[in-house]
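Accompanying notes for the structure given below.
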Amino acid sequence: MNIFRLCGDLSHLLAILLLLFKIWKTRSCAGISGKTQLLFTIVYTARYLDLFTSFVSVYNSVMKIVFLTASYGTLYLMFYKFKPTYDHNHDSFRILYLIVPALVLSFIIVHVYTVMEILWTFSIYLEAVAIMPQLFMVSRTGEAETITSHYLFALGSYRALYILNWIYRYYTEDFLDWITIMAGIVQTILYCDFFYLYITKVLKGKRLSLP
Amino acid sequence: EGHYIFKDEL
Chain V
43 MNIFRLCGDL SHLLAILLLL FKIWKTRSCA GISGKTQLLF TIVYTARYLD
93 LFTSFVSVYN SVMKIVFLTA SYGTLYLMFY KFKPTYDHNH DSFRILYLIV
143 PALVLSFIIV HVYTVMEILW TFSIYLEAVA IMPQLFMVSR TGEAETITSH
193 YLFALGSYRA LYILNWIYRY YTEDFLDWIT IMAGIVQTIL YCDFFYLYIT
243 KVLKGKRLSL P
Chain H
10 EGHYIFKDEL
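Protein chains in written order, with my numbering: chain V, 43 to 253; chain H, 10 to 19.
What follows is the structure, given as structure tokens:
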């Protein structure tokens, strides 16, 4: 554990809790992509199956359980409790265009051919692009609520901090995992436009709206 | 088993 990794995890946790807080407080999931939330739930489910097979640390297991619970909770709020507020007309990104290539790639570029390993690799690839329906939704509606912007910023920062963590681990442990690194870089690049808008608008107290 | 090293991450 290093400071970048810890900040990355906390940023990720903050993002997930911010989203739940926003939905619960406003009693609405307007502006949130249910498809992105569904993809993240698939990501966590595929990746954290190792909860049953390997133990790393209490911290590790607790965080995995929190991420899983929160993502299923978010789906419950979006597709059941506050379903009437879900803006599905603007959430029109075709997620099979993300799931199928991620699945195919996880059979092609993978360390070891076992079910757990392929599921883990699939989760890494899918996570890299899972935010696309949400970003597509923001671009279609042309705006995002401030709290949604904070959510996206925290979620994007998490993988950027992980990149610093991987650089640090390369120097201290002399090890690189190219699958996570390349996927992490793609994931972070997808947020760049948003980061720019966040810094130039939201941090100056303005609402995030596209020109 | 070197590539398992990063699987302590979330």
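Positions of the beta carbon are idealized from the N, C-alpha and C atoms, including for glycine.
| Closer than 8 Å to chain H by CB, arginine 47(V) | Taking the first sequence and counting its residues from 1, the one referred to as residue 47(V) is at position 5. Answer yes: the Cβ-Cβ gap between arginine 47(V) and chain H drops below 8 Å somewhere.
| request: Can you check the stretch 55-109 of chain V for any beta strand (DSSP E) of at least 3 residues that lies completely inside it and give the ranges in chain order? | output: none
| Which term fits lysine 248(V), buried or exposed, when burial requires 16 or more other beta carbons within 10 angstroms of its beta carbon? | Your numbering for residue 248(V) matches position 206 in the first sequence. Its Cβ having fewer than 16 others within 10 Å, lysine 248(V) is exposed.
| said: Can you confirm whether the stretch 156-172 of chain V touches the stretch 137-145 of chain V when touching is taken to mean that 3 or more C-beta pairs between the two stretches lie within less than 8 Å? | reply: yes
| task | Consult DSSP for serine 251(V) and reduce its assignment to one of helix, strand or coil. | result | The residue given as residue 251(V) occupies position 209 in the first sequence. Of the three classes helix, strand and coil, the one that applies to serine 251(V) here is strand, per DSSP.
| field | Limits of the alpha helix (DSSP H) - the one that arginine 211(V) falls within | value | Within the first sequence, residue 211(V) is the residue found at index 169, counting from 1. From DSSP, the alpha helix (DSSP H) with arginine 211(V) extends over 188-215.
| task | Measure from the C-beta of valine 98(V) to each C-beta in chain H and report whether the shortest distance is under 8 Å. | result | Sequence index remark: in the first sequence, residue 98(V) carries index 56 (1-based). Closer than 8 Å: yes.
| asparagine 102(V): contacting residues in chain H (beta-carbon distance under 9 Å) | Position 60 of the first sequence holds residue 102(V). The contacting residues are Asp17, Glu18, Leu19.
| In this structure, does DSSP put glutamate 185(V) in helix, strand or coil? | As a working note, residue 185(V) is residue 143 in the first sequence. Correct three-state label for glutamate 185(V): strand.
| query | With burial defined as no fewer than 16 other Cβ atoms inside 10 Å of the residue's Cβ, what is the status of glutamate 10(H): buried or exposed? | reply | Within the second sequence, the letter at position 1 stands for residue 10(H). Residue confidence is low: glutamate 10(H) scores 43 on pLDDT, short of 50, so the model does not pin down where it sits. No coordinate-derived value is stated.
| said: Just to confirm the assignment, what range does the alpha helix (DSSP H) spanning alanine 286(V) have? | reply: Lying before the first or after the last residue shown, residue 286(V) is absent from chain V, which here runs from 43 to 253.
| Of all the options Ile173(V), Trp66(V), Glu215(V), which has the alpha carbon lying nearest to the alpha carbon of leucine 232(V)? | The residue given as residue 232(V) occupies position 190 in the first sequence. Of the listed residues, the one whose Cα sits closest to leucine 232(V) is Ile173(V).
| Where the alpha helix (DSSP H) containing proline 143(V) begins and where it ends | By 1-based counting over the first sequence, the position of residue 143(V) is 101. Unbroken alpha helix (DSSP H) run through proline 143(V): 138-150.
| Which chain H residues sit within Cβ distance under 8 Å of threonine 222(V)? | Taking the first residue of the first sequence as position 1, residue 222(V) is located at position 180. The answer, in chain order, is Phe15, Glu18.
| field | Contact with chain A by proline 175(V), beta-carbon distance below 8 Å | value | The chain inventory of the structure shown lacks chain A, comprising the protein chains V and H.
| said: Comparing C-alpha positions only, which one of Met120(V), Trp220(V), Val244(V), His130(V) sits nearest to methionine 179(V)? | reply: By one-based count along the first sequence, residue 179(V) stands at place 137. Minimum Cα distance to methionine 179(V) is reached at His130(V).
| query | So is valine 106(V) in contact with chain H if we call contact Cβ pairs under 8 Å? | reply | Reading the first sequence from its first residue, position 64 is the one you call residue 106(V). Strictly speaking, residue 106(V) in this sequence is lysine, with valine absent from that position. Yes, because at least one Cβ of chain H sits closer than 8 Å to the Cβ of lysine 106(V).
| said: If I follow the unbroken alpha helix (DSSP H) through methionine 224(V), where does it start and stop? | reply: Along the first sequence, one-based indexing puts residue 224(V) at 182. 220-242 is the span of the alpha helix (DSSP H), which, as asked, contains methionine 224(V).
| query | Excluding sequence positions up to five away, which residues of its chain have a Cβ less than 6 Å from the Cβ of threonine 242(V)? | reply | As a first step, residue 242(V) is located in the first sequence; it is residue number 200 there, counting from the start. Answer for threonine 242(V): no residue qualifies.
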